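Right under this line is the structure:
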């Protein structure tokens, strides 16, 4: 039986969360959502994910900190992380890569670019 890749979307903006969930579900992914960094870390603590789509600006802790914590945990250290941000400064991109993200996309982004990057990262895992 074919197992769908599981993706955790961490996004506090409801409309974007719905849009990203629909986009990835239509593409055949099993999607879970979290609206805060703490909720994301909680879900990852009890369930396995193949990839994390992580917003930087969250209400409780920023995506950089969530990313660092995922990289520091042996269970999630190898899970691909795509950071998303409304800010597109070179400093944010650099900070994202330094905390361990695989990729950084500025919002608004083209859905096809995200899907291509997710496919590329997941292919590298198998």
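Residue numbers (this note's numbering): 5 to 130. Using N, Cα and C, we set each Cβ at its ideal position, and we do this for glycine too. Being a predicted model, the structure only gives us computed values, none of them experimental.
At which residues does the alpha helix (DSSP H) containing residue i begin and terminate?
{"i": "residue 22", "result": "18 to 30"}
{"i": "residue 94", "result": "94 to 102"}
Take residue i as the anchor and find which of the options has the nearest alpha-carbon.
{"i": "residue 15", "options": "116, 56 and 119", "result": "56"}
{"i": "residue 86", "options": "64, 103, 79 and 76", "result": "103"}
{"i": "residue 66", "options": "47, 46, 114 and 89", "result": "89"}
{"i": "residue 74", "options": "113, 106 and 9", "result": "106"}
{"i": "residue 82", "options": "63, 126, 95 and 46", "result": "126"}
{"i": "residue 47", "options": "11, 119, 99 and 94", "result": "11"}
{"i": "residue 49", "options": "92, 80, 99 and 97", "result": "80"}
{"i": "residue 8", "options": "98, 113, 52 and 23", "result": "52"}
{"i": "residue 110", "options": "34, 124, 91 and 33", "result": "91"}
{"i": "residue 23", "options": "123, 113 and 124", "result": "113"}
{"i": "residue 99", "options": "68, 35, 32 and 34", "result": "68"}
Would you report the Cα separation of residue i and residue j, rounded to the nearest angstrom?
{"i": "residue 84", "j": "residue 19", "result": "24 Å"}
{"i": "residue 39", "j": "residue 121", "result": "22 Å"}
{"i": "residue 130", "j": "residue 71", "result": "Residue placement at residue 130 is poorly supported in this model, since its pLDDT is 49, which falls under 50; the coordinates are not used for a value here."}
{"i": "residue 76", "j": "residue 42", "result": "15 Å"}
{"i": "residue 62", "j": "residue 37", "result": "13 Å"}
{"i": "residue 30", "j": "residue 115", "result": "12 Å"}
{"i": "residue 123", "j": "residue 21", "result": "19 Å"}
{"i": "residue 26", "j": "residue 59", "result": "17 Å"}
{"i": "residue 54", "j": "residue 94", "result": "27 Å"}
{"i": "residue 101", "j": "residue 108", "result": "8 Å"}
{"i": "residue 28", "j": "residue 13", "result": "10 Å"}
Between residue i and the ligand ADP, is the CB less than 7 Å from at least one heavy atom?
{"i": "residue 79", "result": "This structure does not include the ligand ADP; it has no bound ligands of any sort."}
Over what stretch of residues does the beta strand (DSSP E) that includes residue i continue unbroken?
{"i": "residue 105", "result": "It is not in any beta strand (DSSP E) - residue 105 carries neither H nor E in the DSSP assignment."}
{"i": "residue 14", "result": "10 to 14"}
Quiz item: For the segment 33 to 80, which segments carrying the alpha helix (DSSP H) assignment without a break, of at least 4 residues, lie completely within its bounds, in sequence order?
Solution: Qualifying alpha helix (DSSP H) stretches, in chain order: 41 to 50 and 67 to 76.
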